[in-house]
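Asker:
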Ligand SMILES: Cc1cc2nc3c(=O)[nH]c(=O)nc-3n(C[C@H](O)[C@H](O)[C@H](O)COP(=O)(O)OP(=O)(O)OC[C@H]3O[C@@H](n4cnc5c(N)ncnc54)[C@H](O)[C@@H]3O)c2cc1C
Ligand SMILES: Cc1cc2nc3c(=O)[nH]c(=O)nc-3n(C[C@H](O)[C@H](O)[C@H](O)COP(=O)(O)OP(=O)(O)OC[C@H]3O[C@@H](n4cnc5c(N)ncnc54)[C@H](O)[C@@H]3O)c2cc1C
Ligand SMILES: Cc1cc2nc3c(=O)[nH]c(=O)nc-3n(C[C@H](O)[C@H](O)[C@H](O)COP(=O)(O)O)c2cc1C
Ligand SMILES: Cc1cc2nc3c(=O)[nH]c(=O)nc-3n(C[C@H](O)[C@H](O)[C@H](O)COP(=O)(O)O)c2cc1C
Ligand code: FES
Ligand code: FES
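Chains as they are written, first to last, in this note's numbering: chain A, 45 to 372; chain B, 45 to 372; chain C, 192 to 483; chain D, 192 to 483.
Here it is in C-alpha cells:
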C-alpha cells in the first residue's frame, strides 16, 4: 500500500455539508435569521464558516423602528417588536455591503416594502454584484390590502412574488409568516409565482402584560415570539410546506442545537436559519455546524442532503382528517 | 362600637371572585380545560371550589382515540394527540354525569361532531337538567368542508354555531382554534351566530421528530402544543378577540399561576381554563384561585371582574398597520 | 439534615382548606403533591439508584403496586417537562418515608440523579391501584425483570405480614444488575435469579422453574412486572393450572391520575379488546386480561 | 476548589477552529462566551453582591466601561431567558479574573445570587466600548449613583496607573448602600458621599460640590453613570466650563453585541436626534450627546 493511500484510508471520513438552495450553493446549511445578525458577530466567529449571511431587513426609506421597550422575555422565548429600523437602501449598499465583501460567504439581503411594486423596485435596485440572493420578508403589512401582511394570504403572496420575480434574476427566497392558517397554501403560491425557496418562518404574533403597571410589556403592544418555545409549531409548518412545494424550504424557528437543525431537515428543510439562539450563545451557528458534522459522522450519513425530508412516516400511520387539529 | 361592627371592621376585606359568563354565574373564574379533567382530581382538590367543571370532549358515537404514543414533551410544553376517545353520549349521561351531580359546581359539557347537524343534535340531546352549559369544541375536522376544522374559518364557525344555537337554550360556549390566521374574525362569527362566550383557544398544531428513529414522536404524526410555551401567543389572541366581540372571552393556554390568570383577564378574558398545568401540579386550579384572591387583596381590587379587559393602552401607543406582524 | 420532623404541608392539602368560598369542610386530599425531603440517595449499581424521601402521612400510606409521579429536577442542558412515574419501592408510615428504586434512563431520571440529601423533591401520590394480596394464599410467586423488580419489592414485606410465602424469580442481563434481592431475602422470600449472561433467563427455563414451583405447591398466584415475554409464560401457566395472577404495567404518562388518556393500553376483557388507563385502572391489572 | 489553572476553552474559540471547511486559519475570537469559574461571591450589603470569576485571557482583557452579558442560573420558580448585562467592576489579566458588582433586582440577578464558589457561570464579553482616559488629564471627577458606581469603579485603577487624580461623588439612598468607596480609596481617590437619607444628594448640592471641584482645578473631565438627574447637572457644567465628559448608559439588552437593535437610545448629535445601540455604540457615550 503506498503512503498516500494509507493516509487516505486512515483519515476520518468527512461529511459533505454543502446544500444547494435554488441554484445557490452553500458550504453548509446554517445561516443567521434576518434581524439577528450583524458585523458584531465577527468578533465571535469566523464568518467564512457560515453557509450564508442574511442581513436585517432593509427598506428603501429611512425608518426609526418601534417604540421601546422592544423586547420582553418569557420562559424559553423572546417577544420582540423591534420593527425595521432602516438606514435605507443607499446606506446599505455603500456602508454595509463592503463589510461583507471581505468574505467568501454568499450575502443574502432581506428586503421589505409596503407594496408589491415597492418590493419589486427594491429587488431590482439590489440585483447587483455582491448580493447572492434576495430574501423577501413579506410578513410586513401590505398597505394595498387593508394592512394584512402579504404572507397572510396566498393571493397577496402570489402577487408580490410575481412582481419580485420579474424584477430580479437573483435567487429569490420568500419568507413566510407562521401566523396564517394555511402556510403550505401560501408556500404554494410563492412557488407558483417563481420563488426559488421559502423561508418558514418569521415570528409568531404574541403579547405580554406587565402585572405591576397593567401595561403591555412592549412599546408596540404586540410582538413576535421566537426561541425554543416555538420550535414544535414551526417544525410542523416546515413539514407541511415541504409536502406542499418542490422548491427548497429553509427552516427557521427556535433552532439552538445541531439536533434542532437535524429535526428541521428531517421534517423537510434544506437549510436552517438561527436567530434567537445567537443572543444566548453567540457562537451558536458554528457550534451547530460542528454538531451537524458530528451527527452525520456518528450516524454514517455521507451527505447532509440525505437528511432532507428524511422523516419516516409509516403508511399505516398516515392520518387523514384528524390532521388539522388532532386534539379537536 | 358594637361587637359585630367591630368584627367586621377587623375582618380581612374579602374579594368578590365571582364572574358571569353569558348568564351563567361562576363562583370564581377558574375552571379546567377540556381533556385535562376527570374524576381523578377529586382526590386532590375539593370540587366545590372550582368555578366550573368542563368535561373531556364527548361525541355521539364511540371513538378509540389516536394511536400511541399520544404525548411528547418539549421544553415548557407538551404536544398531545390523544384524539377524542369517547364512550359515547349515553355512557356520558348515565355513567359520568351522576358523578358530578354531588357537587354545587356547574357542569359544562364539551362536545364535538363531524357535521354542523351532528353538533346540533348532540347539543339538543344534552340540554338536560344537570348540564349548565355546552362548550362546542369546533377545532375538529368538518367533514362537509374538505376536512378543515370548523374553527379555521368564519363561515363554517357561523354555520355550526347557528345550528347549535337553534338546538339548545343552554349557555353556548364555542371553543376556537389558535391555528387560524384571524381568530378575532372567527370569534365575531361565533358571536353573530349566537354564542354566549368564546373559549380562546385549543392547542397549536405542532410536530416533533425522534432523532434516533427519524420517526414522528407521536403516533398521529402531528399534535397540539399546550403549556407555558404557548401563553404569549394565546394571550395575544384573547386580547384581539376581546376587542372584536362583546360576549365574554374565556382564556385558555399555558396558564399555570395566578399571575398568568391575571394577565389573561387584563388582556380581556372573563374567565380562564387551566389544562396542562394540572399535569404538573394537580392542585394548580385551587392554587390559582387562592392566588387570585391574594392578588386582588394586595392590589386592593374589590371585584375580580375589575381586572377584565384592564390592560392599559396609552392612546399614543396604539399602533396601526404594524400590528399584524410587528417584526416584519 | 434537620432533626425536626418535616411538616411539609402538601400543596393540595394547603389549598384545599382556608378561605375557600363554598368549600366543603369535610373534604380531604388523598393524593398529594408535596415537597418531600431527600433522606438518602445511593447508587445500587451503575444503572440503579435507591432514593428515600420524607413525606406526608398521605404519601407514606402508599401500598405495593401503587406509584408516584415525580417532578424531576432539571439536569444540565435538559428540561424534562412532565412528571415521571415511579413505583413505590418501600413505604414507612411511621417514619413518614417512601422509597424509590429507579434506573437512570433519560432526562428525567438524570435529573433525579442530581438530588442530594436534604434537597426537596416534588412527589405526587400515591397513585393507581396496587396489588391485592388475598390472605388465603399461602404462597405466591413474583416474576420480574429490570425496573419491574422495584415494583414487586414491597410485596415481599406485605406478604410476610400476611404470613404468605414468596418465591421471587428475578431476571436481569447480568448478575450484578439484579436489584432488591437482599430486600426479598430480608423478608424471608426465596429468590431464584436468572440472567442473560448465564443463559438462564430464556422463557423455556423460566417456564421450567415456574412449573416446578407450581408442582411444589409454592404458587397460589402470580405477580409480575417488567417483561412481556415472562408475562406470556405466566399467562399460559395460569390458564393451564387455573391460577390467579396480577401484572403491573408500564406506559408513558402525562397526568398520572386518569385525566389525559395518554397512558392507555389494550386489554382483553372476556374476548373484547378495550382501552384502559394504566395510571387509573392500573397499573396493576388482572394477569389474564393484559396484552403485551 | 481545584488548584489547577482553569483552561476553559471559550465556546467561540472552541468552535472557531477545527474541521472548518473554508475556515480562515488566522481568525481569532475577541469576544468569547465561556464557562467561567466562580472564585468568590460575597454580599456587600443587603442589595449588592461582589462576584469574582476565573476566565479566559480574552475576557480578562476587558477595559473600564466595557461590560459582559451573563447567562444567569435559574432561581427557583423563575426562568430568566436573556443574558443580563453587567459592567466590568474589575479585571486582572494576570490572574485571569474579572469581577462584577451587582444589585439583586429581578429573576436574573436572583439567579446570579445562587452561585457558589466553584460553580460555573457562562459569561460573554468583553462587550462595547469603554471609557477613554486621556493621559493629559491631571484630574477627573466620577459621579455615580446606584449600580453606576460599579461601572465607574475600574476607572479609579486605570486613572491611578496614568497618574490621573480621581474625585468620586457617590450618591445613594442611605450611607450603608454606598458601594466601592473602599475600592476608590485604595486607589488613592477622594470620595464625596451624598445620600438621600442625609438630604445631601439633591442636584443643587451636587452642583455646588462639582462647581467647587472645578474651581479647585480638580476636574479636567466628567465621568458618570447611574443617574440622569446628575448627568444633566454635569452636562450643564460641562457646557458652561467647556469640559469634556463621558457617560455610561443603560438599556435593556437582548444580544449585547449590536445585532438586535433592542437597546437603542436617542442621542443628540449636533442638534440631530439619532438612535444608537447602547451595547455596540456604547455603553460609554460622549456626555454632551446623551439624552436622559
Ligand atoms: C407505573 C410505572 C411505574 C414505574 N416504576 C419504575 C420504577 O420503580 N423504577 C424505574 O426505574 N422505572 C419505573 N418506571 C419507568 C420510569 O417511569 C421511566 O424509566 C422514566 O419515566 C424514564 O424517564 P426519563 O426521563 O429518564 O427517560 P426518557 O426516555 O427521556 O423519557 C421520555 C418520556 O418517556 C417516558 N418513559 C420512558 N420510559 C418509560 C417507561 N418505561 N414507562 C413509562 N414511561 C416511560 C417518560 O416518563 C417521559 O415522558 C415506571 C413506569 C410506570 C408507568
Ligand atoms: C451596560 C450595562 C451595564 C450594567 N452594569 C451593571 C452593574 O455593573 N451592576 C448592576 O447591578 N447592574 C448593572 N446593570 C443593570 C443590570 O443589567 C440589571 O440590573 C439586570 O439586567 C436586571 O436583571 P434582573 O433579571 O435581575 O431584573 P428584571 O427586572 O427581572 O429584568 C427584566 C429584563 O429587564 C432588563 N433590565 C432590568 N433592569 C435593567 C437595567 N437597569 N439596565 C438594563 N437592563 C435592565 C433585564 O436585563 C431583563 O432583560 C447594567 C446594565 C447595562 C445595560
Ligand atoms: C430581535 C429580532 C429581530 C428580527 N428582525 C427580523 C427582520 O428584520 N426581518 C425578518 O425577516 N425577521 C426578523 N426576525 C425574525 C427572525 O428572523 C426569525 O424568523 C425568528 O426569530 C424565528 O427564529 P428564531 O426562533 O431562531 O429566533 C427577528 C427576530 C428577532 C428575535
Ligand atoms: C392531553 C390533552 C387533551 C386535550 N383534550 C381536549 C379535548 O378533548 N377537547 C378540547 O376542546 N380540548 C382539549 N385539549 C386542549 C385543552 O383543553 C386546552 O385548550 C389546551 O391544552 C391549552 O391549554 P393549556 O396550555 O392550559 O393546556 C386537550 C389538551 C391536552 C393537553
Ligand atoms: S397518564 Fe393521564 S390518563 Fe393516565
Ligand atoms: S442588545 Fe442587541 S443591539 Fe444592543
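Note that CB positions come from ideal geometry on N, CA and C, so glycine has one too. Just so we're clear, the structure is a prediction, and the values are computed from it rather than from any experiment.
1) Which class does residue 207 of chain B belong to by DSSP, given the choice of helix, strand or coil?
2) Just curious, the beta strand (DSSP E) that residue 415 of chain C is in, first and last residue?
3) Count the other CB atoms, across all protein chains shown, that sit within 10 Å of the CB of residue 420 of chain D; report buried if there are 16 or more and exposed otherwise.
4) Quick check on residue 300 of chain B: buried or exposed, where buried means 16 or more other Cβ atoms within 10 Å of its Cβ?
5) How far does the beta strand (DSSP E) with residue 294 of chain A in it extend, from its first residue to its last?
6) By DSSP, does residue 419 of chain D sit in helix, in strand, or in coil?
7) What are the boundary residues of the beta strand (DSSP E) that includes residue 123 of chain B?
8) Using a Cβ-Cβ cut-off of less than 7 Å, list which residues of the region 143 to 164 of chain A approach chain B; keep chain order.
9) Considering only their Cβ atoms, is the gap separating residue 289 of chain C from residue 246 of chain C smaller than 7 Å?
10) Can you name, in chain order, every residue of its own chain whose Cβ lies under 6 Å from the Cβ of residue 200 of chain A, other than the five neighbours on each side?
11) For the region 274 to 298 of chain B, which residues have a beta carbon sitting closer than 8 Å to at least one beta carbon of chain A?
12) Can you tell me the Cα-Cα spacing of residue 296 of chain A and residue 241 of chain A, whole angstroms?
13) Using only the alpha-carbon positions, how far apart do residue 473 of chain D and residue 467 of chain D sit?
14) Can you give the beta carbon distance from residue 397 of chain C to residue 372 of chain C, rounded, assuming they're within the 8 Å contact cut?
15) Interface residues of chain A around residue 274 of chain D at Cβ under 8 Å?
16) Beta-carbon within less than 6 Å of residue 198 of chain B's beta-carbon, same chain only, minus the 5 sequence neighbours each way: which residues are those?
17) With the cut-off set at 7 Å, would you say residue 444 of chain D and residue 276 of chain D are in Cβ contact?
18) On a Cα-Cα basis, can you pick out the residue from A:246, A:279, A:121, A:162 that is closest to residue 311 of chain A?
19) Report the neighbours of residue 106 of chain B on chain C: residues whose CB is nearer than 9 Å to its CB, in chain order.
20) Give a yes or no on whether the C-beta atoms belonging to residue 269 of chain B and residue 253 of chain B are separated by under 7 Å.
21) Interface residues of chain B around residue 120 of chain A at Cβ under 7 Å?
22) Any idea what DSSP makes of residue 342 of chain D, helix, strand or coil?
23) Can you give me, in chain order, the residues of the region 110 to 139 of chain A that have a beta carbon less than 8 Å from any beta carbon in chain B?
24) I'd like to know if residue 481 of chain C contacts chain B, where contact means its C-beta is closer than 7 Å to some C-beta of that chain.
25) Residue 221 of chain C touches chain B at which residues, Cβ-Cβ below 7 Å?
26) What first and last residue would you give for the beta strand (DSSP E) that runs through residue 459 of chain C?
27) Residues of chain D with a CB under 9 Å from the CB of residue 81 of chain A: which are they?
28) Quick one, are the C-beta atoms of residue 157 of chain B and residue 166 of chain B less than 7 Å apart?
29) The beta strand (DSSP E) spanning residue 259 of chain D covers which residue range?
30) Can you confirm whether residue 60 of chain A, when its beta carbon is compared against all beta carbons of chain D, has any partner nearer than 7 Å?
31) If you pair each beta-carbon of the region 105 to 118 of chain A with each one of the region 145 to 154 of chain A, do three or more pairs fall below 8 Å?
32) With distances taken from each beta carbon to the nearest heavy atom of ligand 5, which residues come in below 7 Å, in chain order?
33) Should residue 375 of chain C be counted as a contact of ligand 2 given a C-beta to heavy atom distance under 6 Å?
34) What in chain B is Cβ-close to residue 258 of chain A, meaning under 7 Å?
35) Any beta carbon from chain A within less than 7 Å of residue 471 of chain D's own beta carbon?
36) Under 7 Å between C-beta atoms, does residue 84 of chain A make it to chain D?
Answerer: Here's the rundown:
1) helix
2) 413 to 416
3) exposed
4) buried
5) 293 to 296
6) helix
7) 121 to 124
8) 156
9) yes
10) 186, 189, 194
11) 274, 275, 276, 277, 279, 280, 283
12) 13 Å
13) 8 Å
14) At roughly 16 Å, the Cβ-Cβ gap does not stay under 8 Å, so residue 397 of chain C and residue 372 of chain C are not in contact.
15) 323, 324
16) 229, 230, 233
17) yes
18) A:279
19) Under the 9 Å cutoff, chain C gives no residues; its nearest Cβ is about 11 Å from residue 106 of chain B.
20) no
21) 119, 120, 273
22) helix
23) 110, 111, 118, 119, 120, 121, 123, 124, 125, 126, 127, 128
24) no
25) 87
26) 455 to 460
27) 450
28) yes
29) 258 to 262
30) no
31) no
32) C:444, C:445, C:446, C:447, C:448, C:449, C:450, C:451, C:452, C:453, C:454, C:468, C:469, C:470, C:471
33) no
34) 310, 354, 355, 356
35) yes
36) yes
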